[in-house]
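In the numbering used here, the protein residues as written are 470 to 923. Step one of this worksheet: look at the structure below.
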């Protein structure tokens with residue numbers, strides 16, 4: 470009846486996903502009515518629900534279901550000393566080049582990579598030499614300026630007077646909001662080690678050349694945990710968190726053969742990291758980083774202690790043993806997770822000789838759980854019964870859609886494209902036997918089910 474093609478066989482293209490996301494109300498270009506704003510995206514009705522489903526799943530799995538996790542929600546604007554102490558003011562930079570004719574700016578490492586050369590871990594000088602040696606041009610074929618550093622933080626001022634003391638930044642990560650609240654959580658709850666503090670929220674990076682849909686944008690959301698451990702016991706917690714990360718990715722419905730671990734070599738790790746594992750995913754744009762798991766040692770808390778003068782030591786209960794805890798950080802980008810979910814779910818098949826596109830979401834992530842339809846919308850008795858069924862499902866599941874537009878075949882195709890697992894149809898038989906027809910998204914199979922059993 471139908472044949473499903475695997476992702477590799479059908480070679481899903483990014484433009485297919487972007488087109489579907491716009492066509493069906495998942496995501497739109499930011500400020501589109503005014504020509505857009507590069508690196509920003511708005512979520513439509515289906516997109517915001519999918520996004521929240523992913524974030525809620527993460528929170529339920531990593532925070533609510535555990536006894537060793539505590540949630541916080543720190544302010545986006547923070548004292549500038551936070552970013553000075555963390556090193557972001559001095560080191561949170563990207564390599565920048567400029568088209569000498571158009572003055573358009575680009576990431577130097579992206580241009581080198583696009584030209585087919587390895588750019589990972591290269592210094593500005595090495596990138597510059599490579600650009601000159603390989604005669605790498607701008608995307609429109611023009612000469613490039615020498616490589617220079619560019620700080621990615623958005624700078625702003627707080628209060629009515631703009632001076633050095635009023636400078637602040639839109640946070641480029643959520644981690645520092647956790648570290649600055651570490652002592653508050655310990656003082657209030659005094660948890661046993663190991664324990665974690667989790668946060669979800671907006672972050673901002675002034676990317677030189679945002680690209681690849683929501684994969685690299687200027688405004689995005691993060692889901693991060695800072696897991697505080699005894700310095701001698703970090704390896705055990707690292708492996709446990711790595712296992713948890715893979716279990717969560719399974720819950721997102723990501724195929725295991727598309728998820729890969731990369732043990733980051735020492736020369737490519739952040740200077741504070743003693744071990745980093747990047748989890749990569751086979752996106753339509755290629756194999757790229759989905760999330761990271763890093764052992765940050767005591768770098769962050771020690772910096773806070775030195776720069777603030779506040780004691781960041783933890784005392785083991787019932788002992789005199791004091792030390793600054795070490796930290797393991799699983800860091801997730803919501804947009805990259807969402808893009809991976811869309812990429813995995815995007816499926817094409819043939820039903821009765823006709824091409825069909827559908828999103829094969831796990832049921833718990835689907836933005837719409839059920840679509841309810843009267844077989845004919847011009848029959849008041851069918852519409853009334855369908856409304857009764859709709860109200861039952863809406864009260865129980867929430868994310869239920871009413872759909873009476875077009876014939877039943879068009880409704881099925883529309884619901885398939887937004888990933889609705891089940892379509893419920895009320896027909897003339899329903900008026901006699903009080904049962905409905907349920908059509909399943911993935912197999913297109915239909916069966917009769919009594920209303921009271923829905």
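Where is the CB? At the ideal position from N, CA and C, for every residue including glycine. The model shown is predicted, which means the values in this text are computed figures rather than measured ones.
- The region 517-529 and the region 842-854 do not touch, with fewer than three beta-carbon pairs separated by less than 8 Å.
- In this structure, residue 580 lies near residue 608, with their beta-carbon atoms less than 9 Å apart.
- With respect to the C-alpha of residue 901, the residue from 505, 558, 854 and 791 having the closest C-alpha is 854.
- Contact between the region 703-718 and the region 676-686 is absent: fewer than 3 CB-CB pairs across the two stretches fall below 8 Å.
- Fewer than three beta-carbon pairs drawn from the region 550-565 and the region 717-728 are found closer than 8 Å, and the two stretches are therefore not classed as touching.
- Between residue 691 and residue 803 a beta carbon distance of about 7 Å is seen, short of the 8 Å cut, so the two are scored as contacting.
- Residue 651 places its beta carbon less than 9 Å from that of residue 697.
- According to the DSSP assignment, residue 535 belongs to no beta strand (DSSP E), since it is labelled neither H nor E.
- Inter-segment contact for the region 787-801 and the region 818-827 is absent: fewer than three beta-carbon pairs are separated by less than 8 Å.
- For residue 751, the enclosing beta strand (DSSP E) stretches over residues 744-752.
- Membership of residue 852 in the alpha helix (DSSP H) is indicated by the continuous run 849-866.
- Under the 10 Å beta carbon count, residue 908 is surrounded by 16 or more other beta carbons and is classified as buried.
- For residue 883, the uninterrupted alpha helix (DSSP H) run begins and ends at 877-886, by DSSP.
- For residue 506, the secondary structure class from DSSP, reduced to helix, strand or coil, is coil.
- According to the DSSP assignment, residue 831 belongs to no beta strand (DSSP E), since it is labelled neither H nor E.
- Under the DSSP definition of a beta bridge, residue 763 partners with 745 and 798.
- Here the region 506-524 makes no contact with the region 623-641; the two share fewer than three CB pairs at distances below 8 Å.
- The beta carbon of residue 683 sits closer than 8 Å to those of 496, 510, 689, 804, 805, 807 and 808, all from its chain and outside the five residues before and after it, given in chain order.
- Beta-bridge partners of residue 691 (DSSP): 670 and 802.
- Sequence-distant partners of residue 564 (beyond 5 residues in either direction) whose C-beta falls short of 6 Å from its own C-beta, in its chain, are 577, 578, 593, 596 and 616.
- About 6 Å separates the beta carbon of residue 714 from that of residue 748, a gap short enough to meet the 8 Å contact definition.
- In this structure residue 646 touches residue 547 by the C-beta definition: roughly 7 Å separates them, less than 8 Å.
- If you draw a 10 Å sphere on the C-beta of residue 732, you find fewer than 16 other C-beta atoms in it, and that means exposed.
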